[in-house]
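Notes follow once the structure below has been shown.
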Amino acid sequence: MEYQVYKDAAGQYRWRLVAANGRRIADSGEGYNNKSDCLAAINLVKGSANAPVKDLTTTAAARW
1 MEYQVYKDAA
11 GQYRWRLVAA
21 NGRRIADSGE
31 GYNNKSDCLA
41 AINLVKGSAN
51 APVKDLTTTA
61 AARW
């Protein structure tokens with residue numbers, strides 16, 4: 001399981017929680033202007049301290 005940070009079509013930061021099987025099981029539901037605000041939101045809802053946070057804003061990853 002991992003949290004992924006990405007930019008949406010409007011250029012805002014969002015997060016999603018992806019299970020080990022690749023299925024999205026949660027998302028931010030809103031965009032953030034600052035990456036730090038997005039990361040803070042992850043920490044507010046993060047139930048698993050072991051789940052890594054993957055920053056997709058620095059890669060050319062596919063959008064969901």
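Using the working numbering, read the sequence shown as starting at 1 and increasing by one per residue. We put the CB at the ideal spot given by N, CA and C, even for glycine.
Could you tell me which of the options sits nearest to residue i, measuring between CA atoms?
i, options, result
"Val18", "Asn34, Asn33, Ser28, Ala10", "Ser28"
With the cut-off set at 8 Å, would you say residue i and residue j are in Cβ contact?
i, j, result
"Tyr6", "Arg14", "yes"
"Met1", "Ala51", "yes"
"Gly31", "Asp8", "yes"
"Arg16", "Arg23", "no"
Is DSSP giving residue i helix, strand or coil here?
i, result
"Ala41", "helix"
"Trp64", "With a pLDDT of only 49 at Trp64, under 50, the local geometry of the prediction cannot be trusted, and no value is derived from it."
"Lys74", "With the chain represented from 1 up to 64, any question about residue 74 goes unanswered, as that position is not in the structure."
Tell me which residues share the same chain as residue i and place their Cβ nearer than 8 Å to its Cβ, disregarding the 5 neighbours each side in the sequence.
i, result
"Thr57", "Val5, Tyr6, Lys7, Tyr13, Lys35"
Tell me which residues share the same chain as residue i and place their Cβ nearer than 7 Å to its Cβ, disregarding the 5 neighbours each side in the sequence.
i, result
"Ala20", "Met1"
I'd like the list of long-range same chain contacts for residue i, defined as Cβ closer than 6 Å, with 5 residues on each side in sequence excluded.
i, result
"Asn43", "none"
"Asp37", "none"
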